[in-house]
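Visitor: Supplied in structure tokens, the structure appears directly below.
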Amino acid sequence: MSRVTRSCTPFDGQKPGTSGLRKKTRVFMQDHYLEAFVQSIFNAIGGAEGKTFVIGGDGRYFNAEAIQTILRMASANGATRAVVGQNGLLSTPAASNLIRQRGTDGGLILSASHNPGGIDEDFGLKFNTPNGGPAPEKVTEKMFEQTKTLSEYHTLETADIDLGAIGETSLGKMAVEIVDPVEDYTALMKTLFDFDAIRAHIKGGFSLKFDAMHAVTGPYATAILEGELGAPEGTVMNGVPKVDFGKGHPDPNPIWAKPLVDLVMSADGPDFAAASDGDGDRNMILGKGLYVTPSDSLAVLAANAHLAPGYDKGLAGVARSMPTSQAADRVAEKLGIECFETPTGWKFFGNLLDAGRATLCGEESAGTGSDHVREKDGLWAVLLWLNILAVRKVSVKEILMDHWQTYGRNYYSRHDYEAVDSDKANTLMADLEAKLADLPGTEVHGLTVSEADQFAYHDPVDGSVSRNQGIRILFEGGSRGVLRLSGTGTEGATLRVYLERYMPADGDLEIETQAALKDVAAAIGEISGLHARTGRDAPDVMT
Ligand code: G1P
Ligand code: ZN
């Protein structure tokens with residue numbers, strides 16, 4: 001086995017974000033492409049010499065091949081140990097946990113999250129730092145610089161190793177430890193939740209379904225829900241990870257997980273249902289006959305977390321991304337704890353979690369998590385719900401009704417306008433921003449604007465400021481519209497319009513969501529002129 005240095009040409013690496021570098025799979029499969037990015041990662045973190053890395057991914061097409069390449073390169077770059085999920089699998093939260101538990105120097109996670117997988121679909125790779133969280137901008141910036149100038153990379157000339165055999169082997173001078181991807185994660189969940197109570201609740205007739213969407217949470221959900229908690233076989237649907245996710249979008253929302261939604265809406269559906277995405281960090285929660293919005297889910301979890309052993313001392317604080325509904329704020333207020341409003345993206349929670357200021361975090365885009373790892377965690381959210389249901393012994397619907405009767409209801413929906421002409425979208429936002437100062441006091445569709453601004457976040461931990469994070473238009477009475485351009489869209493611009501209407505606890509709590517939001521939608525439409533400007537009369541997607 002010999003160590004070789006090969007030359008490569010710098011590539012147009014598009015700046016890796018906190019979700020790493022995402023490209024079409026065939027792009028990653030080009031000669032030296034993956035290699036150039038991996039070498040850029042190692043160079044950006046001051047080399048791999050003497051380091052230990054966690055390596056694993058969501059099992060999509062090219063996952064296993066890419067891991068073999070990364071292992072050879074880690075060894076050739078002087079790493080001393082690699083901890084790899086069996087068959088190359090590790091969910092994003094499980095990888096975050098392993099990175100932390102083992103006190104490693106970080107990890108390489110292979111995933112394109114909820115994007116489809118396959119040779120003609122998407123692939124991605126990201127680096128997480130020793131705290132278990134995605135590399136911050138100053139690190140991804142260095143990677144980007146490397147990709148522009150890199151001329152060579154180091155690897156080994158050696159055969160593939162067997163990723164299926166649990167135990168320790170070696171590759172060059174590097175030890176490779178193949179671990180059960182589920183074991184450490186399950187152990188962590190057991191420290192947070194009352195497995196006995198959940199098991200007893202299921203045994204008592206409480207029924208549930210979990211849709212793993214042919215992605216990475218299959219083995220985790222099967223081991224925990226069916227194995228540990230005694231749910232009947234078949235509780236986990238689509239539980240075997242497939243390289244192409246069964247040709248679907250492994251995105252847990254009512255559109256892509258429609259079969260599961262149809263199931264809970266049917267008369268003989270389960271009491272509870274949930275789904276997670278490609279890499280296991282997102283979640284969708286459903287109760288018999290109803291869909292729980294991620295914003296409501298965060299608020300309910302915050303109000304009830306103390307019922308689970310891991311949170312029985314209460315929460316330090318709650319954080320939500322700015323467009324997420326303000327339902328959690330009302331809970332924080334009642335609990336007398338801090339509530340943080342951060343820009344969109346999980347990375348903004350990292351400082352608050354590390355500093356012990358926030359315990360629970362959430363985003364309206366199906367991301368919920370806590371300080372147990374530094375990523376959002378789909379199965380964790382499911383288990384916290386199950387723990388709460390097992391203690392309270394009422395239905396999901398009763399929990400929600402009780403919540404709304406206590407705090408009032410924040411009706412909520414996100415309207416997406418996709419593939420909008422970028423210039424038109426940018427002009428819309430700029431023109432709207434220019435008139436924000438004049439909006440307060442204006443009455444539109446029966447709503448009076450109380451405040452309007454372009455959201456800037458002042459990080460209370462490190463003092464950094466992030467500007468232009470989206471336009472907020474607040475109405476008297478607690479309703480709100482938010483407009484921002486997506487940072488993850490691939491075609492033109494995606495305009496996201498987030499609508500929220502606050503209904504006090506003694507108001508009508510059971511209006512159909514879009515009907516409840518009709519006036520807020522009309523007011524935001526009129527203020528921004530979005531329909532005329534985009535040439536669209538209706539959103540492409542409503543969640
Ligand atoms: C979207 C979501 C955001 C999430 C991000 C990464 O970003 O809205 O909450 O953190 O994906 O999963 P956007 O396309 O809106 O920039
Ligand atoms: Zn994901």
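Position one of the sequence shown corresponds to residue 1 (our numbering), numbered consecutively onward. Idealized CB from N, CA, C, for every residue including glycine. All figures in this text were calculated on a predicted structure; none of them were measured in a lab.
Can you give me the Cβ contacts of K203 inside the same chain, cut-off strictly under 8 Å, excluding the 5 residues immediately before and after it?
Guide: Looking up residue 203 in the sequence shown gives position 203. Counting only Cβ-Cβ distances below 8 Å, and skipping sequence neighbours, we find G230.
Visitor: Mapping the DSSP letters down to three states, classify A200 as helix, strand or coil.
Guide: Residue 200 sits at position 200 when you count from the first residue of the sequence shown. It is helical.
Visitor: Would you list the one or two residues that DSSP bridges to N128?
Guide: For this step, residue 128 is matched to residue 128 along the sequence shown. For N128, which the question treats as bridged, DSSP gives the partners G107, P134.
Visitor: Taking 8 Å as the cut-off, does the region 161-169 touch the region 205-213 (at least 3 CB pairs, one atom from each stretch)?
Guide: Cβ pair count under 8 Å is below three, so no.
Visitor: If we count the other Cβ atoms within 10 Å of its Cβ and call it buried at 16 or more, is S464 buried or exposed?
Guide: Taking the first residue of the sequence shown as 1, we reach residue 464 at position 464. By the neighbour-count rule (16 or more Cβ atoms within 10 Å), S464 is not buried but exposed.
Visitor: Should L286 and T324 be called a contact, given that it needs their Cβ atoms to be closer than 8 Å?
Guide: Numbered from its first residue, the sequence shown carries residue 286 at position 286. Numbered from its first residue, the sequence shown carries residue 324 at position 324. The answer is no: Cβ separation not under 8 Å.
Visitor: Can you look up R3 in the DSSP assignment and give me helix, strand or coil?
Guide: Taking the first residue of the sequence shown as position 1, residue 3 is located at position 3. Reduced to three states, the DSSP call for R3 is strand.
Visitor: Roughly how many angstroms separate the alpha carbons of I67 and N351, rounded to a whole number?
Guide: What you label residue 67 is simply residue 67 of the sequence shown in a count that begins at 1. What you label residue 351 is simply residue 351 of the sequence shown in a count that begins at 1. Answer to the nearest angstrom: the Cα atoms are 30 Å apart.
Visitor: By DSSP, does G310 sit in helix, in strand, or in coil?
Guide: Here residue 310 refers to the residue found at position 310 when the sequence shown is read from its first residue. Note: G310 maps to helix in three-state DSSP.
Visitor: Between the Cα of S425 and the Cα atoms of S528, L389, E341, which residue gives the shortest distance?
Guide: Here residue 425 is taken as the residue at index 425 of the sequence shown, counted from 1. Residue identity differs from the one stated: residue 425 is Ala in this sequence, not Ser. Of the listed residues, the one whose Cα sits closest to A425 is S528.
Visitor: Is the closest heavy atom of the ligand ZN to the C-beta of S40 under 7 Å?
Guide: Looking up residue 40 in the sequence shown gives position 40. S40: no, Cβ never under 7 Å from the ligand ZN.
Visitor: Kindly give me the distance between the Cβ atoms of R72 and L171, rounded to whole angstroms, as I take these residues to be in contact under 8 Å.
Guide: Numbered from 1 along the sequence shown, position 72 holds the residue referred to as residue 72. Numbered from 1 along the sequence shown, position 171 holds the residue referred to as residue 171. That pair is a contact at about 7 Å.
Visitor: Is it a yes or a no for the region 181-190 touching the region 238-258, going by three-plus beta-carbon pairs under 8 Å?
Guide: Flag = no, the region 181-190 and the region 238-258 do not touch.
Visitor: Secondary structure at E152, three-state DSSP: helix, strand or coil?
Guide: As a working note, residue 152 is residue 152 in the sequence shown. E152: strand per DSSP, three-state reduction.
Visitor: CB-CB under 6 Å to T5, same chain, minus the five flanking residues each way: which ones, in chain order?
Guide: Translated into the one-based positions of the sequence shown, residue 5 becomes position 5. Excluding sequence neighbours, T5 sits near E152, H154.
Visitor: Helix, strand or coil, according to DSSP, for L98 in the structure here?
Guide: Numbered from 1 along the sequence shown, position 98 holds the residue referred to as residue 98. The answer is helix: DSSP assigns L98 an H, G or I state.
Visitor: Taking the alpha-carbon of T442 as reference, which of E433, A452, A434 has the nearest alpha-carbon?
Guide: For the purposes of this step, residue 442 is taken as residue 442 along the sequence shown, with counting starting at 1. The residue with the shortest Cα to Cα distance from T442 is A452.
Visitor: Considering only DSSP beta bridges, list what H458 is partnered with.
Guide: Your numbering for residue 458 matches position 458 in the sequence shown. The partner list for H458 (beta bridge, DSSP) reads V465.
Visitor: If you count every other CB in all the chains shown that lies within 10 Å of the CB of H458, and 16 or more means buried, which is it?
Guide: As a position in the sequence shown, residue 458 is number 458, starting the count at 1. Per the 10 Å Cβ criterion, exposed.
Visitor: Where the beta carbon is closer than 5 Å to any heavy atom of the ligand G1P, which residues qualify, in chain order?
Guide: Going along the chain, the residues that qualify are T344, G345, E363, S365, S486, G487, T488.
Visitor: Please go through the same chain and pick out, in chain order, the residues whose beta-carbon is closer than 6 Å to the beta-carbon of E35, but skip the five residues on each side of it.
Guide: Here the question's residue 35 lines up with position 35 in the sequence shown. Once the five neighbours on either side are set aside, the close Cβ partners of E35 are Y153.
Visitor: Ordered along the chain, which non-local residues of its own chain (more than five positions away) have a Cβ less than 6 Å from that of A332?
Guide: By one-based count along the sequence shown, residue 332 stands at place 332. Contacts found: V318, C339.
Visitor: Going along the chain, which residues of its own chain have a beta-carbon closer than 6 Å to the beta-carbon of A112, five neighbours each way excluded?
Guide: Sequence index remark: in the sequence shown, residue 112 carries index 112 (1-based). Result list for A112: R22, D122, F123, G124, in chain order.
Visitor: Touching or not, the region 288-304 and the region 378-390, by the rule of three or more beta carbon pairs under 8 Å?
Guide: Yes, they touch.
Visitor: Considering only C-alpha positions, which residue in the set R282, A175, R3 is nearest to N253?
Guide: Taking the sequence shown and counting its residues from 1, one reaches residue 253 at position 253. If we check each option's Cα against that of N253, R282 comes out closest.
Visitor: Among the residues of its own chain, which have a CB less than 8 Å from the CB of V179, if the five just before and after it don't count?
Guide: One-based indexing of the sequence shown puts residue 179 at position 179. For V179, where only same-chain residues beyond five positions count, the Cβ hits under 8 Å are V83, V84, G85, Q86, L98, I166.
Visitor: Beta-carbon separation of G408 and Y502 under 8 Å?
Guide: Start at 1 with the first residue of the sequence shown, and residue 408 comes out as number 408. Start at 1 with the first residue of the sequence shown, and residue 502 comes out as number 502. In contact: G408 and Y502 (Cβ atoms closer than 8 Å).
Visitor: Can you tell me whether A293 is buried or exposed? The criterion is at least 16 other CB atoms within 10 Å of its CB, across all chains shown.
Guide: The residue given as residue 293 occupies position 293 in the sequence shown. Here residue 293 is Thr; the residue named in the question, Ala, does not match the sequence. T293 should be labelled buried.
Visitor: Let me check understanding here. Comparing Cα to Cα, which of K51, N77, Q14, L110 lies closest to Y61?
Guide: Within the sequence shown, the letter at position 61 stands for residue 61. Minimum Cα distance to Y61 is reached at L110.
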